[in-house]
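**Q**
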Amino acid sequence: MVEGLLSELGTEAEKREQPRQGDNGDATDGFDEEPLSFKEMLGLPDRLPPLRLPSEEELAAAARQSRLLDCLRSLASRAVEHSRGAEDWTAAEVTAAAEALGLPVPETVEGLADVPDLARRWDLAVDAEFIDPATAAAPGPALDEWPSGSDEDVLDVWSDVLGLISEDAFQGEDVDPELADDGAFALVMLFMTRHEGIPAWALRRMVADVVEVEPEEWERWVETSGDLADRLLAILVDLGAAQVDDEIARLTPLGQYALAGALTEDGVEVPILPSAEEMTAGDLVEFAVAAGDAELAAEREAWLQSRTPAEAVDELIASAASGDVEHRVIAMTLAKSVEGAEQQWRQALDDPALAPYAKSALQESGAPDVEPTPADAAWLLADLLSAGAADDQDDLAALLADSVPAGQEAALFDQIWRLDHPHAQEVLTLIGDHHPDKKIAKAARKAAHKVPTR
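What follows is the structure, given as structure tokens:
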């Protein structure tokens, strides 16, 4: 997934450079303000796979543990105590505040500007309204709302700070103004990878690829000011929006919660999974599209416990019959993992698109009267490849080897081109273009040319 996102980044960066209707060129002020549109920018669909999120109570509890918000609140409290904003603090007060927060302090400090990390946090505290922006010495509403406010208030404050970070993390004295929305862009990319996450090196590359400066200038900036992606990750971790394990960055449930809301406001629906009892088979299949193995196994187990095997297989088969090819492959794969539903599988034999799966399931369960045909094997392979099961040449070769004995590939291709499968030509062309064995690839291309004549 990461490599796919990286390969598309150049195209998407070009889109971002094009003026949009109504775009006045101003930097975006937050997730939900024009002209930024992630849906348009990244070519996102109207609907993304659903999320499993903790309850609002659990999310709010996590938000109350944010180190960054605790830091902002501490700064605001000091300003109220001193009756003046941090810009007017003495050198001793600035030093004391930085040391109390564990921030690095240079040898010489005359004012707030001499401690950049503290200055950035002060600006964030003002923007997030922990301090009244009008006076910089009176408490703002966030000071009362976090952490002692209602769960809704706490999550609102936390999400507001994440929105501010998305633009502030990529701001600097020498950074092109076009970077104003790149923090949010990076957050969306993290959201899209879900459980897989993004290697830190890949996130650095994403940022570097969209910076509108010469490579040499960018390298000098990074050398003196630090990598912008690293700055973003550090403050996201401090907020509680991301975690970095073994150099892999992932959003936390809190981060996913906030990004799901932002994308929904941007016109991209991100469903939240209901309880296992209320989940439909379609919900489970949709979740499987972007879920990791462990996540899917947990959801599948919970879902199966709330219904009988026959009910589960019946729901999954019905869902497979109504979905596209990817949905069908996932639904039938999930159904085959359930034991004890022979009657449901026999009923599926009447549907041409599902019969190959049904025959396979019945044969594996020991049914003596069902024998898959070569055409069934051809259909299953066509489904798998058109659903994107092979990511590279090795995957393609392995999948084909599992589907047909060596030396019988041409016979399988002859079956595929005769199928009433909507993606038959696409699949044969894929094999012809990418299979590493030239003889097999040639046989696939030859079969692809026959599809229009069937």
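Here our numbering is used: the first residue of the sequence shown is 1, the next is one more, and so on. Ideal placement from N, C-alpha and C gives every residue a C-beta, glycine not left out. These numbers were taken from a predicted model, which means no experiment stands behind them.
When you compare only the Cα positions, how much space is there between valine 270 and threonine 453?
**A** Translated into positions along the sequence shown, residue 270 becomes position 270. Translated into positions along the sequence shown, residue 453 becomes position 453. About 42 Å.
**Q** Taking only three categories from DSSP, how would you classify alanine 447?
**A** The residue you call residue 447 lines up with position 447 of the sequence shown. Residue state, collapsed to three classes: helix.
**Q** Name, in chain order, the residues that DSSP records as bridge partners for leucine 269.
**A** Your numbering for residue 269 matches position 269 in the sequence shown. Correcting the residue type first, residue 269 is glutamate in the shown sequence and not leucine. In DSSP, glutamate 269 forms a bridge with Arg47.
**Q** Is isoleucine 431 closer than 8 Å to leucine 384 when the C-beta atoms are compared?
**A** Taking the first residue of the sequence shown as position 1, residue 384 is located at position 384. Taking the first residue of the sequence shown as position 1, residue 431 is located at position 431. For leucine 384 and isoleucine 431, no; Cβs fall outside 8 Å.
**Q** At 4 residues or longer, what runs of the alpha helix (DSSP H) sit wholly inside the region 74-119?
**A** 91-100, all fully within the region 74-119.
**Q** With a threshold of 16 other CB atoms inside 10 Å of the CB of glutamate 129, please say whether the residue is buried or exposed.
**A** Start at 1 with the first residue of the sequence shown, and residue 129 comes out as number 129. Its Cβ being crowded by 16 or more others within 10 Å, glutamate 129 is buried.
**Q** Please classify lysine 359: is it buried, with 16 or more other beta-carbons within 10 angstroms of its beta-carbon, or exposed?
**A** Position 359 of the sequence shown, counting from 1, holds the residue named residue 359. So lysine 359 counts as buried.
**Q** Given cysteine 71, which residues of its chain have a CB within under 7 Å of its CB, disregarding the five upstream and five downstream residues?
**A** Along the sequence shown, read from residue 1 onward, the residue named residue 71 stands at position 71. Cβ neighbours of cysteine 71 beyond the five flanking positions: Leu101 and Arg121.
**Q** Using the rule of at least 16 other Cβ atoms within 10 Å of the residue's Cβ for burial, across every protein chain shown, is alanine 281 buried or exposed?
**A** In the sequence shown, residue 281 corresponds to position 281, counting from 1. Alanine 281 should be labelled buried.
**Q** Throw me the rounded Cβ distance for the proline 459 and phenylalanine 287 pair, which I believe falls under 8 Å.
**A** Outside the shown range of the chain (1 to 454) lies residue 459, about which nothing can therefore be said.
**Q** Is the Cβ of glutamate 87 closer than 8 Å to any Cβ of chain D?
**A** The displayed structure is made up of one protein chain only, and chain D is not part of it.
**Q** Less than 7 Å between C-beta atoms, sequence neighbours within five positions excluded: which residues of the same chain meet that for histidine 423?
**A** In the sequence shown, the residue the question calls residue 423 occupies position 423. Excluding positions up to five away in sequence, the list reads Val325, Ala382 and Ser386.
**Q** Within the continuous alpha helix (DSSP H) that includes leucine 300, where are the two ends?
**A** Your numbering for residue 300 matches position 300 in the sequence shown. Reading off the sequence, residue 300 comes out as arginine, not leucine. Its alpha helix (DSSP H) spans residues 293-305.
**Q** Figure out for me which residue from Glu56, Lys39 and Ala138 has the closest Cα to the Cα of serine 77.
**A** Stepping through the sequence shown from its first residue, residue 77 is reached at position 77. Nearest C-alpha to serine 77: Ala138.
**Q** Return helix, strand or coil for arginine 454, following the three-state DSSP convention.
**A** Here the question's residue 454 lines up with position 454 in the sequence shown. Coil, per DSSP.
**Q** If you follow the alpha helix (DSSP H) that glutamine 425 is in, where does it begin and where does it stop?
**A** As a position in the sequence shown, residue 425 is number 425, starting the count at 1. 424-434 is the span of the alpha helix (DSSP H), which, as asked, contains glutamine 425.
**Q** Quick check on DSSP: helix, strand or coil for leucine 460?
**A** The question about residue 460 has no answer, for the chain in this structure spans 1 to 454.
**Q** What first and last residue would you give for the beta strand (DSSP E) that runs through leucine 236?
**A** Translated into positions along the sequence shown, residue 236 becomes position 236. Note, leucine 236: premise wrong, no beta strand (DSSP E); alpha helix (DSSP H) at 228-239.
**Q** Suppose contacts are defined by Cβ-Cβ distances below 8 Å. Is leucine 239 in contact with isoleucine 165 by that definition?
**A** What you label residue 239 is simply residue 239 of the sequence shown in a count that begins at 1. What you label residue 165 is simply residue 165 of the sequence shown in a count that begins at 1. Their beta carbons are under 8 Å apart, which means leucine 239 touches isoleucine 165 by this criterion.
**Q** Quick one: is threonine 224 buried, meaning 16 or more other Cβ sit within 10 Å of its Cβ, or exposed?
**A** Here residue 224 is taken as the residue at index 224 of the sequence shown, counted from 1. Label assigned to threonine 224: exposed.
**Q** Would you give the residue range spanned by the alpha helix (DSSP H) that alanine 249 belongs to?
**A** Position 249 of the sequence shown holds residue 249. Per DSSP, alanine 249 belongs to no alpha helix (DSSP H); it is in the beta strand (DSSP E), 248-251.
**Q** Applying the criterion that 16 or more other CB atoms from any shown protein chain within 10 Å of the CB defines a buried residue, is glutamate 371 buried or exposed?
**A** Residue 371 sits at position 371 when you count from the first residue of the sequence shown. Under this definition glutamate 371 is an exposed residue.
**Q** Looking at the structure shown, is aspartate 437 part of a helix, part of a strand, or coil, going by DSSP?
**A** In the sequence shown, residue 437 corresponds to position 437, counting from 1. The answer is coil: DSSP assigns aspartate 437 none of H, G, I, E or B.
**Q** Mapping the DSSP letters down to three states, classify valine 161 as helix, strand or coil.
**A** Locating residue 161 in the sequence shown gives position 161, counting from the first residue. Of the three classes helix, strand and coil, the one that applies to valine 161 here is helix, per DSSP.
**Q** Helix, strand or coil for valine 244 per DSSP?
**A** For the purposes of this step, residue 244 is taken as the residue at position 244 of the sequence shown. Valine 244: strand per DSSP, three-state reduction.
**Q** May I ask you to report which of helix, strand or coil DSSP gives proline 139?
**A** Against the sequence shown, residue 139 aligns to sequence position 139. Here proline 139 sits in strand by DSSP.
**Q** Closest to alanine 441 by CA distance: which of Val313, Arg84 and Leu396 is it?
**A** Along the sequence shown, read from residue 1 onward, the residue named residue 441 stands at position 441. Comparing Cα positions, the closest option is Leu396.
**Q** Can you list, in chain order, the stretches of the alpha helix (DSSP H) that have 4 or more residues and sit fully within the region 187-224?
**A** Runs of the alpha helix (DSSP H) inside the region 187-224: 200-210.
**Q** Buried or exposed for arginine 220, going by 16 or more other Cβ atoms inside 10 Å?
**A** For the purposes of this step, residue 220 is identified with residue 220 of the sequence shown, where counting begins at 1. So arginine 220 ends up on the exposed side.
**Q** To the nearest angstrom, how far is it from the Cα of leucine 349 to the Cα of lysine 39?
**A** One-based indexing of the sequence shown puts residue 349 at position 349. One-based indexing of the sequence shown puts residue 39 at position 39. Whole-angstrom Cα-Cα distance: 40 Å.
**Q** For a quick check, are the C-beta atoms of leucine 155 and alanine 63 less than 8 Å apart?
**A** In the sequence shown, residue 155 corresponds to position 155, counting from 1. In the sequence shown, residue 63 corresponds to position 63, counting from 1. Yes, Cβ-Cβ distance for leucine 155 and alanine 63 is below 8 Å.
**Q** Can you name, in chain order, every residue of its own chain whose Cβ lies under 8 Å from the Cβ of glutamate 247, other than the five neighbours on each side?
**A** Numbered from 1 along the sequence shown, position 247 holds the residue referred to as residue 247. Only Pro199, Ala200 and Trp201 meet the Cβ criterion.
**Q** What is the rounded straight-line gap between the Cα of glutamate 315 and the Cα of alanine 353?
**A** Taking the first residue of the sequence shown as 1, we reach residue 315 at position 315. Taking the first residue of the sequence shown as 1, we reach residue 353 at position 353. Rounded to whole angstroms, glutamate 315 to alanine 353 spans 16 Å at the Cα level.
**Q** Could you say which of Asp420, Leu42, Ala361 and Leu68 lies nearest to valine 188 if we only look at CA atoms?
**A** Taking the sequence shown and counting its residues from 1, the one referred to as residue 188 is at position 188. Answer by Cα proximity: Leu42.
**Q** Let me check understanding here. Comparing Cα to Cα, which of Ala331, Val207, Ala361 and Phe191 lies closest to glutamine 343?
**A** The residue given as residue 343 occupies position 343 in the sequence shown. Measuring from the Cα of glutamine 343, the nearest candidate turns out to be Ala361.
**Q** Please list the terminal residues of the continuous alpha helix (DSSP H) segment that includes valine 313.
**A** Here residue 313 refers to the residue found at position 313 of the sequence shown. Taken as a continuous stretch (DSSP letters only), the alpha helix (DSSP H) holding valine 313 covers 309-322.
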